[in-house]
Amino acid sequence: MYIVRIILKMAAFRSYVWDPCLIVSQIVAVQCVFYLFLAFWVVLVDFWTGSTRSLDQFFFHKEVHFSSFKGKITIAAFCLNTLTGAGGLWVIVRRAKQCLDFAATAHLIHLLFCCIYAGFPTSFPWWMLNIACMALMAVMGEFVCMRTELKAIPVSVSSVKSTV
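Following UniProt numbering, the numbering of the sequence shown begins with 1 at its first residue and continues without gaps.
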């Protein structure tokens, strides 16, 4: 049995070992990065504009709209969060193939928290913002992970003395 496992590992390029503990810890870490930096961006734009901060900006779907200045800065905070979310995917996940999975999971967990906090989101701008942010976070995360994966591997050429 041990030999079969070794052969299967050698047969696949960059074989992926199923590790539920690693996956769950990565999901938790990505979620923490998502909310930590969302809080950072919300506090920053609220401080910069002099607006009041509340949890509604995170979880209440009616706070996301284009009709008021506060709604626009909430949208800006979510958009800025896609940058740091992509960086979090790069640091935590490090695999371009898995960026979409983790970005979608983070936003689905956010949807769950929004449902718990204020009911199911019925606002069209909220859905558009979160779908766009999920897509941008995944694409940017894939981009930076792909660049890391495709970096040239340095190969040193040692000089060989001929004895002819």
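Backbone N, C-alpha and C define an ideal beta-carbon position, used for all residues, glycine too. All figures in this text were calculated on a predicted structure; none of them were measured in a lab.
The continuous alpha helix (DSSP H) containing Trp41 extends over residues Pro20 to Thr49. The C-alpha of Leu44 lies about 33 Å from the C-alpha of Glu149. Distance from the Cα of Ala135 is smallest, within the candidate group Asn81, Ile92, Leu22 and Asp19, for Asn81. Residue environment for Thr52: exposed (fewer than 16 other C-beta atoms within 10 angstroms of its C-beta). DSSP places Val144 in the helix class (H, G or I) of the three-state scheme.
Collapsing the DSSP output to three states places Leu100 in a helix.
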